[in-house]
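*Asks:* Residue numbers (our numbering): 1 to 138.
Even glycine gets a Cβ: it sits at the ideal position worked out from N, Cα and C.
Take a look at the following structure, please.
Written out as structure tokens, the structure is:
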């Protein structure tokens with residue numbers, strides 16, 4: 001019984017943190033939508049892509065469809081202060097990648113992002129990418 005009583009503060013703290021996280025998640029900036037992206041690969045070549053973001057189960061899922069037909073998927077974390085981190089799988093190679101982005105927040109909505117990214121392929125250089133939210137269809 002003493003062990004159970006000793007655990008009550010831990011359970012209360014964990015519950016409090018979980019509730020704060022849930023309430024924080026509800027107030028997080030809106031990321032879901034479709035973005036036009038343009039970027040530069042580490043070798044300097046340019047590309048364009050369409051980026052779609054959909055939140056499922058509280059986790060933003062990101063999908064890129066690059067102009068050359070390559071498709072990539074990832075999971076994202078968006079902070080309230082405008083920092084976006086995305087871990088992704090890069091096309092047919094399946095290499096893991098990481099993107100770190102600064103987002104343009106206006107009215108609780110992400111309008112654009114400026115990113116640097118790299119792949120876990122041993123290259124020391126990073127690529128860049130910018131996103132611009134597409135206007136909502138009427």
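Looking only at its chain, what residues have a beta carbon closer than 6 Å to the beta carbon of residue 74, apart from the 5 residues adjacent to it on each side?
*Replies:* If you number the chain shown from 1, residue 74 lands on position 74. If we look at residue 74 and ignore the five residues flanking it on each side, its Cβ neighbours are 62, 86, 87 and 88.
*Asks:* Looking at the unbroken beta strand (DSSP E) that takes in residue 84, where does it start and where does it end?
*Replies:* Within the chain shown, the letter at position 84 stands for residue 84. Per DSSP, residue 84 belongs to the beta strand (DSSP E) from 83-90.
*Asks:* If we ignore side chains and look at the alpha-carbon of each, how far apart do residue 113 and residue 51 end up?
*Replies:* For the purposes of this step, residue 113 is taken as residue 113 along the chain shown, with counting starting at 1. For the purposes of this step, residue 51 is taken as residue 51 along the chain shown, with counting starting at 1. Going by the C-alpha atoms only, they are around 11 Å apart.
*Asks:* Using the rule of at least 16 other Cβ atoms within 10 Å of the residue's Cβ for burial, across every protein chain shown, is residue 54 buried or exposed?
*Replies:* For the purposes of this step, residue 54 is taken as the residue at position 54 of the chain shown. Its Cβ having fewer than 16 others within 10 Å, residue 54 is exposed.
*Asks:* Please state whether DSSP places residue 45 in a helix, a strand or coil.
*Replies:* On the chain shown, residue 45 is found 45 positions in, with the first residue counted as 1. Coil, per DSSP.
*Asks:* According to DSSP, is residue 79 helix, strand or coil?
*Replies:* For the purposes of this step, residue 79 is taken as the residue at position 79 of the chain shown. If DSSP states are grouped into helix, strand and coil, residue 79 belongs with coil.
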